[in-house]
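Residue numbers (our numbering): 1436 to 1894.
The beta-carbon is built from N, C-alpha and C at its ideal position, and this holds for glycine as well.
Bear in mind the structure is a predicted one, so any value in this text is a computation, not a measurement.
Here's the structure, in structure tokens; my notes come after.
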Amino acid sequence: MSGGPSGKKAEQGQQPSILVVDDDLRMRQLLGETLAGEGFAPQFCGDSREAANILAGQAVDIVITDLMMPHFDGIEILGKAKAANPDCMVILITGYGTIESAVEAIRKGAYDYIQKPFEPDALLLIVARAVEHVRLLRENRRLRRQVAGCRGEELIGTSRQMEELKDFIARIAPFDATVLIQGETGTGKELVARLIHDWSSRRQRNFLPINCGALPETLLESELFGHVQGAFTGAEQDRPGLFEAVDKGTLFLDEINATSPGFQVKLLRVLQEGTFFKVGGREPCRVDVRVVAASNTSLAEEVKVGHFRRDLLYRLNVVTVDIPPLRQHQEDIPLLAHYFLARYGAKYGKEAKTISKESLARLRGHSWPGNVRELQNVLERAVIVSDAPELLPEHLPPLDVDRGSYDGGEARLFSVAEMEKELIAKTLRNTGGHRGRTAEMLGISPASLWRKIKKYGLG
Ligand SMILES: Nc1ncnc2c1ncn2[C@@H]1O[C@H](COP(=O)(O)OP(=O)(O)OP(=O)(O)O)[C@@H](O)[C@H]1O
Ligand SMILES: [Mg+2]
């Protein structure tokens, strides 16, 4: 009955509830002292029938029970505990010569067993592991409940940074102002652009994304502005562009940083005057389009190095939304991981998984240069490769923790070569892999950048 009213009760308490069942008073005393020494406050029961009543009436997290008892034996107590709470961890105490029963108990779902006589520390070790397990189950359940309340397209995250981001988007979305979204690759720029559209009065109209970096200048222009008949070879009739197609809606100009100076001038005109010319056309066309642009580099920096027009930046950044990289809101990693686990579990028809403590530690220890998209890919892969109910470290690809390149916040000395490699990798990421700009930003020649990329295996 996990999740039922009694299940919830056990979940709310900080300490897991422990029930000790043994008909031997001396054993109960020994267990009581051992557990009390570690701060646990178990319930005790000398009669197995009374234990069965307790188990039927309240959700118990951990049961420590003797195997041989009058009335109900340990295996029967195990059955009753599991029936009342499938997540209950049952630890059996077995006497000499009852190992076979203990093995049977494990097969029936007991968590572990310990053989008499035992060292208190040996028992405490098992109990500590069970407590950890209970804590993890609760955490998983809590996160899964949170995820279950999420709709499809949503910004997941409860960190201060994410809450502030959501508030900010909700505040600016209803106004028709042009928005510039900045953030590293994979931080959710397109997702944010869609939310801005969905939360605006244009939501009934189209949202059209176009990747400005993927098209050469002339093609981008005719895509956006359309062309008139005879504008160029092959232009056999007038063709409307995306600006017209999206009239009254939102146009998302992705990778605006990668556009050419010529295109930037034309875009500036649309933003300033609300009009544009089709390629080869003489009549200005008027449209009502909200522009949301995104850049994975800082446009202010691009302006400084002469790659972006200052006046266009001023037109675009009426409102700027900066999305933080995932490493700056690491506390969202568990929730995001569960969200993607549920999403891909449903997509691939696999049972919802829990995430082991070790796996979570690994996910938290990674620096996520590819941000949320990288995390999403890692979890999609994990769902595909594993059929186990628990996500284990072996289902994850090698992460920073394995390479030891992420300091995890601890002071660590780097060699000059290591730092150079890091710096080049980071600059390449920030320029979206643009080697010319990377060389320029680092103040080295393109040839020497090329050599270093080879040397460090970054290409
Ligand atoms: N906070 C978040 N919650 C849920 N999903 C997210 C979040 N951030 C990003 N994603 C998901 O991660 C993926 C990458 O996001 P998106 O495409 O919006 O990134 P981007 O910033 O546009 O990246 P790029 O610069 O590489 O184009 C998408 O599938 C998106 O839905
Ligand atoms: Mg994008």
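Using the Cα positions of residue i and residue j, report the straight-line distance between them to the nearest angstrom.
i	j	result
Leu1748	Arg1717	27 Å
Asp1547	Tyr1774	31 Å
Glu1535	Leu1571	30 Å
Trp1885	Arg1870	8 Å
Met1876	Met1854	16 Å
Asn1575	Asp1673	57 Å
Leu1465	Gly1474	15 Å
Asn1692	Val1663	28 Å
Asp1822	Gly1509	31 Å
Gln1493	Ile1512	14 Å
Gln1617	Val1562	49 Å
Val1724	Arg1637	9 Å
Pro1833	Ser1802	12 Å
Tyr1531	Asp1459	16 Å
Phe1687	Arg1762	26 Å
Ser1594	Asp1746	35 Å
Ile1758	His1764	11 Å
Asp1835	Arg1797	8 Å
Phe1479	Lys1788	34 Å
Gln1450	Arg1579	21 Å
Do residue j and residue i come within 8 Å of each other at the CB atom, strictly closer than that value?
i	j	result
Leu1643	Leu1677	yes
Ala1540	Ile1549	no
Glu1825	Ser1880	no
Val1681	Asn1641	yes
Val1727	Ala1628	yes
Leu1502	Ile1528	yes
Gly1592	Leu1771	yes
Thr1866	Thr1732	yes
Val1456	Gly1623	no
Arg1565	Met1524	Here residue 1565 turns out to be Ala, not Arg, going by the sequence shown. Yes.
Ala1471	Val1495	no
Ala1729	Glu1690	yes
Leu1703	Ile1768	no
Pro1555	Thr1469	yes
Leu1863	Leu1893	yes
Gly1621	Gly1805	yes
Arg1744	Gln1707	no
Val1722	Glu1679	yes
Go to residue i, then tell me how far its beta strand (DSSP E) extends in each direction, as first and last residue.
i	result
Gln1765	It is not in any beta strand (DSSP E) - Gln1765 carries neither H nor E in the DSSP assignment.
Met1524	Met1524 to Thr1529
Ile1645	Phe1642 to Asn1646
Ile1691	First-last for Ile1691: undefined, no H or E at that position.
Thr1653	Thr1653 -> not in any beta strand (DSSP E); alpha helix (DSSP H) instead, spanning Glu1652 to Phe1660.
Leu1502	Here Leu1502 belongs to no beta strand (DSSP E), and DSSP marks it neither H nor E.
Ser1730	Arg1725 to Ser1730
Gln1478	Gln1478 to Cys1480
Leu1615	Val1614 to Gln1617
Thr1755	Val1754 to Asp1757
Leu1454	Ile1453 to Val1456
Between which two residues does the alpha helix (DSSP H) containing residue i stretch?
i	result
Val1700	Pro1696 to Glu1708
Ala1680	Leu1677 to Ala1680
Ile1879	Run containing Ile1879: none; DSSP gives neither H nor E here.
Asp1746	Arg1745 to Leu1751
Is residue i near ligand 1, judged by its Cβ being under 7 Å from some heavy atom?
i	result
Asn1692	no
Thr1755	no
Arg1463	no
Gln1596	no
Arg1816	no
Asn1865	no
Ile1962	No answer is possible for residue 1962: it lies beyond the span of the chain, which begins at 1436 and ends at 1894.
Asn1731	yes
Leu1776	no
Val1807	yes
Ile1607	no
Gly1621	yes
Gly1901	The question about residue 1901 has no answer here: the residues shown for the chain are numbered 1436 through 1894.
Leu1643	no
Leu1677	no
Leu1615	no
Ile1631	no
Gln1811	yes
Ile1591	yes
Gly1618	yes
Leu1650	no
Leu1571	no
Between residue i and chain C, is any beta-carbon pair separated by less than 8 Å?
i	result
Pro1644	Among the protein chains of the structure shown there is no chain C, as only one such chain exists.
Which residues are close to ligand 2, meaning CB closer than 7 Å to any heavy atom, in chain order? Lys1624, Glu1625, Asp1689 and Ala1729
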